[in-house]
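Since the structure comes first, as structure tokens, the remarks are kept for the end.
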Amino acid sequence: MYKVLVSLCLVGSAVSAPLTSNEVQTRVVAVSKSKPELLSTAVSQADPDLLRVALTDADPDLLEVALTQARAELLKTALVDIDPDLLRIALTEARAELLATALTVSNPAILKVALTVSDPELLTVALNDATRENLAVALTPA
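In case it helps, the numbering used here puts the sequence shown at residues 1 to 142.
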């Protein structure tokens, strides 16, 4: 009984921890700027740990791109069974227009590979230095 009470107290204190300024901003984006179908995809189909990365670490402007411009299928791809560190890079270090390109024109299987096995430094380079056209070529079949 004592262990259960201690566990509940610890969970309660963790749940009541204050949000950072960034976490507040990302949640405001989610509930006030998202397309309803994209928010629905994110909250109903995402891996909870990856959704946590998006709502905790994302640049709010990049999260807005993801929740307003993505194709739902590609948003789901980016939020299920991928490397959380690579998602963090995409949502914090990408140029907005390149993130939009990745989430609108990619082949889902290629996007999954990019967000699962990329070298973090190279993913950062691709999401910052590519042209939109060349990123589209890289993320679609020949």
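The C-beta atom is built at its ideal place from N, Cα and C for all residues, glycine as well.
All values derive from a computational prediction rather than experimental measurement.
Evaluate residue i with the Cβ neighbour count: other Cβ atoms within 10 Å of its Cβ, from every protein chain shown; 16 or more gives buried, anything less gives exposed.
| i | result |
| --- | --- |
| L122 | exposed |
| D119 | exposed |
| L139 | buried |
Please list the terminal residues of the continuous alpha helix (DSSP H) segment that includes residue i.
| i | result |
| --- | --- |
| R71 | Premise fails: R71 is in no alpha helix (DSSP H) and is neither H nor E. |
| V31 | 21-32 |
| E37 | 36-45 |
| I89 | 84-92 |
| N128 | 120-129 |
| P108 | 108-117 |
| T140 | That residue, T140, is in no alpha helix (DSSP H); it is neither H nor E in DSSP. |
Determine the contact status of residue i and residue j, defining contact as a CB-CB distance below 7 Å.
| i | j | result |
| --- | --- | --- |
| R88 | V53 | yes |
| L111 | L67 | no |
| A94 | L127 | yes |
| P48 | T77 | no |
| A58 | L91 | yes |
| L74 | S106 | yes |
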